[in-house]
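6 protein chains.
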Amino acid sequence: MNDLRPPLPLLYEPIVEAALREDLGRAGDQTTDAVVPADATATARLVARRAGRVAGLSVACRAFTLLDPRVEVDRRAEDGEDVAAGAALALISGPARPILSAERVALNLLGRLCGIATATREVVAAVAGTGARVACTRKTTPGLRLLEKYAVRAGGGANHRFGLDDAVLIKDNHKRLAGGITAAVRKALAGAHGLSVEVEVETLAELDEAMSAGATAVLLDNFTTHDMRQAVARVGGQVRLEISGGVTLERLPEIASTGADAVSIGALTHSAPAVDLSFELEPAGP
Amino acid sequence: MNDLRPPLPLLYEPIVEAALREDLGRAGDQTTDAVVPADATATARLVARRAGRVAGLSVACRAFTLLDPRVEVDRRAEDGEDVAAGAALALISGPARPILSAERVALNLLGRLCGIATATREVVAAVAGTGARVACTRKTTPGLRLLEKYAVRAGGGANHRFGLDDAVLIKDNHKRLAGGITAAVRKALAGAHGLSVEVEVETLAELDEAMSAGATAVLLDNFTTHDMRQAVARVGGQVRLEISGGVTLERLPEIASTGADAVSIGALTHSAPAVDLSFELEPAGP
Amino acid sequence: MNDLRPPLPLLYEPIVEAALREDLGRAGDQTTDAVVPADATATARLVARRAGRVAGLSVACRAFTLLDPRVEVDRRAEDGEDVAAGAALALISGPARPILSAERVALNLLGRLCGIATATREVVAAVAGTGARVACTRKTTPGLRLLEKYAVRAGGGANHRFGLDDAVLIKDNHKRLAGGITAAVRKALAGAHGLSVEVEVETLAELDEAMSAGATAVLLDNFTTHDMRQAVARVGGQVRLEISGGVTLERLPEIASTGADAVSIGALTHSAPAVDLSFELEPAGP
Amino acid sequence: MNDLRPPLPLLYEPIVEAALREDLGRAGDQTTDAVVPADATATARLVARRAGRVAGLSVACRAFTLLDPRVEVDRRAEDGEDVAAGAALALISGPARPILSAERVALNLLGRLCGIATATREVVAAVAGTGARVACTRKTTPGLRLLEKYAVRAGGGANHRFGLDDAVLIKDNHKRLAGGITAAVRKALAGAHGLSVEVEVETLAELDEAMSAGATAVLLDNFTTHDMRQAVARVGGQVRLEISGGVTLERLPEIASTGADAVSIGALTHSAPAVDLSFELEPAGP
Amino acid sequence: MNDLRPPLPLLYEPIVEAALREDLGRAGDQTTDAVVPADATATARLVARRAGRVAGLSVACRAFTLLDPRVEVDRRAEDGEDVAAGAALALISGPARPILSAERVALNLLGRLCGIATATREVVAAVAGTGARVACTRKTTPGLRLLEKYAVRAGGGANHRFGLDDAVLIKDNHKRLAGGITAAVRKALAGAHGLSVEVEVETLAELDEAMSAGATAVLLDNFTTHDMRQAVARVGGQVRLEISGGVTLERLPEIASTGADAVSIGALTHSAPAVDLSFELEPAGP
Amino acid sequence: MNDLRPPLPLLYEPIVEAALREDLGRAGDQTTDAVVPADATATARLVARRAGRVAGLSVACRAFTLLDPRVEVDRRAEDGEDVAAGAALALISGPARPILSAERVALNLLGRLCGIATATREVVAAVAGTGARVACTRKTTPGLRLLEKYAVRAGGGANHRFGLDDAVLIKDNHKRLAGGITAAVRKALAGAHGLSVEVEVETLAELDEAMSAGATAVLLDNFTTHDMRQAVARVGGQVRLEISGGVTLERLPEIASTGADAVSIGALTHSAPAVDLSFELEPAGP
């Protein structure tokens, strides 16, 4: 994963800060403020309770330093790395109060992002050797798309478009309103400034129409494996060919073996279970 | 669910609006703008593909009317209601472009909230007849806590504290830094303005100490069923007694039968799979 | 005041920054920019013109360092400390321009917070030896609740709830709409997630009803001293008992001697006069 | 007060909305949501408990309609009007929940603004017949300057500059750093784009120097009445002459009679006690 | 211009609202508030003083209705339409104060956007009949990219990428750091999720290398006309070919005749002079 | 330009940060992230391609350090300085990625501000020796007024009012609605708190009326040179006299020679062409 590029702090810090404000509320951490001495220091071990793929470690740990810049974060793993159950991901040390007050926000972010990366890794492993890439969709958590797309990359997957504005994807509802695939593709090629124009097709006939109209990518929706192979043959590498719909872990190897360029799976971001994390703190002073 | 109270628009509209901005990006919906005529109208059916508990229908559909106030939403189900697979949840009608451009945001919100409500309902059913309530935790998605807590209520569950500022919860790390349970509880009672003071305990001895110190609620962490029963007996209804840790669907009936007041389950909010939804649009004009 | 805990910078810095923007407007400090050389340095003494209790010194002085991180603040007093008229609270040194441009914001914040702390201290002194605490209310300045509640604590007072969401307080208007005290308390106990349920009562009969219904705290509104004593006797320490309404400095010792747990006084935050401060600057260079 | 102009909604609505969010917190009004039926309606009378000058009635009542546009506000008084103790200021009717949830925010704003207007009116009355105006300063509550300056106008007073950017005011600290009054005034006249250049002077000699240097207004700081008269004579109506420092209600008539154009009083905004208000609600259905 | 699609209100309203706040400052329109009666009504004619192409009429006129929803805007021209000098673009009627207070913001926006559309139209006319499109760049005014890109479309031009995230454009500095064109293109194809990969080339040799490496578009920078023709021949329609650098109005017809797909001109957005507008108001009452 | 004062970072940093977010979009700089190694370092020369006056160098270069505080900016010119074509304005060195990702934002800001300063300088030169100042207007780019007003000062010009709230300017539309010049001026003097009251006049008769009514400044709109001289004579230095309307570079010397105090030119901010800049980067490592 040596080319995994984390998002810019300018883009992700507002997410972490908003999460802290959401948890702290108006009055802040009543428990910690009441029971932990102001001068107490501590070191906490952030540990993965189950094996998984790491994603978002720096992002999540920014919660601690945003709350108090004196906290130090010593990362023991890197995004994109596989860790065993029980592995320490980071040591957090410094004043005890901010460490405790930021804990839940950090864990909520990290557990979710590692969960997505781990689920993605599993799916990527299932298509290994086929040349097909695994891609996520726009079915992300509102407010977290930047980070969830990144977690998919940390899991070895690829990102489809980031939003409604950076690629054209003509779906069933668009076709009906535009007056058919040909009309839709032509309007899109004329109207969208140099963006890729992908068409979701449900039959081989639709595929042919999309290709004729000039689509630059196609998405096969709910095709049989047989028809997928037909589609790959017809497209002949001219445009990107993706598959979506009804993709289960069991069917994946077969689907991927059809020669498609990518398989799109919404569940990577909307339904991956979080990775369970523990946070064990050792008092260190004063 | 006749007393289910949805959040105030003042509190949830910023979440919906931010989700729209995240999806629209700088340039807006390139596909719809390019291929759908400006004067096209349509009606879309929002359908649950699997059976589940509804939550967040008004919240999610606000995406359509925030984008264009001319869109009309005709709800066919209510939050807190159980629907069968294939049930129509709402009809969305009006100008076609905003309906299409807001679709994904609405579905992302609704799928997630219905997923949480559905998972909660299942757990609530498992404890039926025991007197124990099912509660969620602070393990929520950053930015969505308000809505996820509401979805838990729609599923029949209860909400634990909303954040770090509205209740004291003394956990293991706090105990160590405060110099033990007794010291921690006393500091909390003195320092926190009329908030409940709950202590997470790991043994019956800790339970006794928490009770003596004046805790107003206790959370049994990773107790055996046998010890849970002991704890319920010792507490004798004096304070609220909750259970957390290692709670599986299989163990739930037994756990709930111990007489505890509530069972806390973080997975309700961090790992519930989304409910799959479809959005079928019929052109209506111009 | 050794356990006085100031708010987190993450929570109070936006207030200070907004105050600076409000004062600087679009074009900034026209006077200072025009008449003070860019390289001038200075040291300013921040002095209390009358005796009082300090509150918000770090918060207020953050105005200087937010405007220019090169400014240094040397605090000569601590929040919660009593100072004599003429006492220096802090020395502010560094580049002269930001020191002058932030002066008014710092003084506006500090004068108000010290005013609240000083008024609170006076009231707290009046109940000394009675066991009753002095509490503030939600009658705070819009936008400054966090800081004003803190100033009350610096004055030796306690905070009642921070807002509408962290405790239930059933007042007269709620009773009427809910169908009486009993109905209101029962609904609140069922519907509010583990929050304290306090009832404002106007007669001993209402007190009895609130207790029977299960209220966890009561607020006696406009009781005579005689009835207060009756109420304390009836409650018998079972729930928290607070007093509000018609509380004057003269009546306070008598009220506090009734055995109530707390006396609530809105005027602490809505009508405390500001402490007068001076800001004397000595040029230091260049 | 027929030319009293309230601030634009675009400018004051963010203040009201922020105040609502501050009070509602994350989870909203737990009491009202739990105990008041969703379909209850009511009418509330907003009443002044003591006589005073009205200010901010529309601004404060915007809290109700921001929370729910179905609430109707029937104003029974106007800003700038004097009302007797017990006077109804407005009737608020509609759905009961938002009326109750916005009550405290509306009262906090209104009580403060009426308090400032009432204090100003009293001071204005004390200078009646002298030709001197009463002006406020920048000693306002952080975040509320727009509204507090308006309340002063509602009380019959005038506003001094709104902030650091719309007028030059050379104070003692500026003089020292600029190298004297003459240097400061000349720099200000050259550097500030057509703004008035006022100088705070402490002696008649300083007054002369300020006049010679070209100041367009002067502020006499802590002058004796005798020296004020001298100053008025020397200035001879050429520039605006204001008085500040040590202005008590007792001294006011004498000060105003010196012939000064205005008297500046910071206490109008930083220390005016709030006007006490009551909010009595009659259930109206369903 | 029948397919010109204006931006969504959700995306452009924040720009208009921020512009109003910038002009109104803290205290609002002092002139209008002081001299125009509160009940005055008026109708204003918004007129183009010189011939030009209209862009942003609805966007700019939103300033009036954002300030006061009672103002009515009667558009007399459409975006994308050419108007003669002296043409009325809109009639604005309603309460006089908000009409006057929003005038400058509306005119500032409209003058700039019409200026860009008019400049674009002129350039588009110069390439008429050649098949080449005119495109803008990222050299837009900070904060106004959405609107300026729209104005270019209203002028008949096309938009290049909206920002750094929706297309890859490998420029000279990237080549050097990536180790050459081939390395850069390959990394981009592998790393960027389905985006077009355009390369800016300075020689025909670079063009060849970019094509071999798999670029999906090329941008010829500062080519002679002779070399442009060579480039068009070599590319043979396989990828999009754009021209930039040294493009003057005089050279345009010749450049466009080379067969390139598009000509990129930064000056359309960074240096187009504003269209002069007048705003004549007729009092209408009361 | 030794007294040119740049805006406070607190006021301009939000503009730079918003510009970065606008360019980076959701996903950041796809080109740089994909093709530039994470550990690459570089030094870039920021060069003016044509001669001009510098303005906004620190402001624009803040884009680099906001994106990554490790970037170092070595300024080689100062705001208010004239530079020759080809002059290096700054060297930017450090990690290559943020340098490239912030380049366009920095250049867009700097090119525009230098363009305004350069245009202003040219106009200022044309009035040299006349005693007249050159002033800008409120015809600025929405969102950039602070910086554009500063660029005018860097060009040697003066700023007229910053917005609607810091000076009264009675224009033609105000006169009609107020019932004439005299009424308007009197209302303004009474209603606006110590602000200058300027009147735009179109005839000498209007000038006389404005003077009689007490205006503190006058703006001659579209006067002939002959009438300007008459106006200057009548005003006799009593109030500030400005000229606007139909001011071309050719007419300027004559206009300025009339003895007016200032000439207002809107085109300085709304139509100045940007200064062309180049950004040449040398790889430096790793």
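Residue numbers (the numbering used here), protein chains in the order written: chain A, 1 to 286; chain B, 287 to 572; chain C, 573 to 858; chain D, 859 to 1144; chain E, 1145 to 1430; chain F, 1431 to 1716. Even for Gly, the Cβ is constructed at its ideal location relative to N, Cα and C. As the structure is a prediction and not an experimental result, all values here were calculated from the model.
How about residue i and residue j: are their beta carbons less than 8 Å apart?
| i | j | result |
| --- | --- | --- |
| F/Leu1454 | A/Leu144 | no |
| B/Ala290 | B/Asp365 | Ala is not the amino acid found at residue 290 of chain B; the sequence shown has Leu there. In contact: B/Leu290 and B/Asp365 (Cβ atoms closer than 8 Å). |
| A/Gly155 | A/Arg75 | no |
| C/Thr788 | C/Thr830 | no |
| B/Ala392 | B/Ala349 | yes |
Quick one: is residue i near chain E, going by C-beta distance under 8 Å?
| i | result |
| --- | --- |
| D/Pro865 | yes |
| B/Ala313 | yes |
| F/Gly1603 | Before going further, note that residue 1603 of chain F is Asn rather than Gly in the sequence given. It does: the Cβ of F/Asn1603 has a partner Cβ on chain E nearer than 8 Å. |
Drop a sphere of 10 angstroms on the beta-carbon of residue i, count the other beta-carbons inside from all chains shown, and report buried for 16 or more, exposed for fewer.
| i | result |
| --- | --- |
| B/Ala491 | exposed |
| A/Leu207 | buried |
| D/Arg996 | buried |
| A/Pro14 | exposed |
| B/Glu484 | buried |
| E/Glu1216 | exposed |
Measure from the C-beta of residue i to each C-beta in chain A and report whether the shortest distance is under 8 Å.
| i | result |
| --- | --- |
| B/Lys435 | no |
Between residue i and chain D, is there a C-beta pair that is closer than 8 Å?
| i | result |
| --- | --- |
| B/Gly449 | yes |
| F/Asp1596 | yes |
Nearest chain B C-beta to residue i closer than 8 Å, yes or no?
| i | result |
| --- | --- |
| E/Arg1289 | yes |
Hey, is residue i's beta-carbon within less than 8 Å of any beta-carbon in chain F?
| i | result |
| --- | --- |
| E/Gln1382 | no |
| C/Leu638 | yes |
Identify the contact partners of residue i in chain E, using a Cβ-Cβ distance below 8 Å as the criterion.
| i | result |
| --- | --- |
| B/Asp319 | Arg1149 |
Under a CB-based cut-off of 8 Å, is residue i close to chain C?
| i | result |
| --- | --- |
| D/Asp881 | yes |
| D/Gly969 | yes |
| D/Gln888 | yes |
So, for residue i: in the same chain, excluding its five sequence neighbours on each side, which residues have a beta-carbon less than 6 Å away from its beta-carbon?
| i | result |
| --- | --- |
| F/Arg1542 | Ala1704 |
For a contact defined as C-beta to C-beta under 7 Å, what are the partners of residue i on chain A?
| i | result |
| --- | --- |
| F/Leu1450 | Leu10 |
Can you pull the chain H neighbours of residue i, defined as C-beta to C-beta under 8 Å?
| i | result |
| --- | --- |
| B/Ala503 | Chain labels in this structure do not include chain H; the protein chains are A, B, C, D, E and F. |
Interface residues of chain B around residue i at Cβ under 7 Å?
| i | result |
| --- | --- |
| A/Leu271 | The sequence given here has Ser at residue 271 of chain A, not Leu. Per Cβ cutoff of 7 Å: Pro559, Ala560. |
Here's a check: name, in chain order, each residue in its chain whose Cβ is nearer than 8 Å to the Cβ of residue i, leaving out the five neighbours to either side.
| i | result |
| --- | --- |
| F/Gly1676 | Asn1652 |
| D/Leu915 | Arg933, Ala935, Glu936, Asp937, Leu947, Ala948, Leu968 |
| C/Leu824 | Val695, Ala698, Val699, Val835 |
| B/Pro569 | Ala326, Thr327, Ala328, Ala382 |
Which chain C residues are close to residue i, counting only those with a beta carbon under 7 Å from its beta carbon?
| i | result |
| --- | --- |
| D/Leu873 | Here residue 873 of chain D is Ile; the residue named in the question, Leu, does not match the sequence. Residues of chain C passing the Cβ test: Pro714. |
So with CB distances below 9 Å, who are the chain A contacts of residue i?
| i | result |
| --- | --- |
| B/Val521 | None at all; the shortest Cβ gap to chain A is about 21 Å. |
What residues from chain C crowd round residue i, counting only those whose CB sits closer than 8 Å?
| i | result |
| --- | --- |
| D/Val963 | Pro714 |
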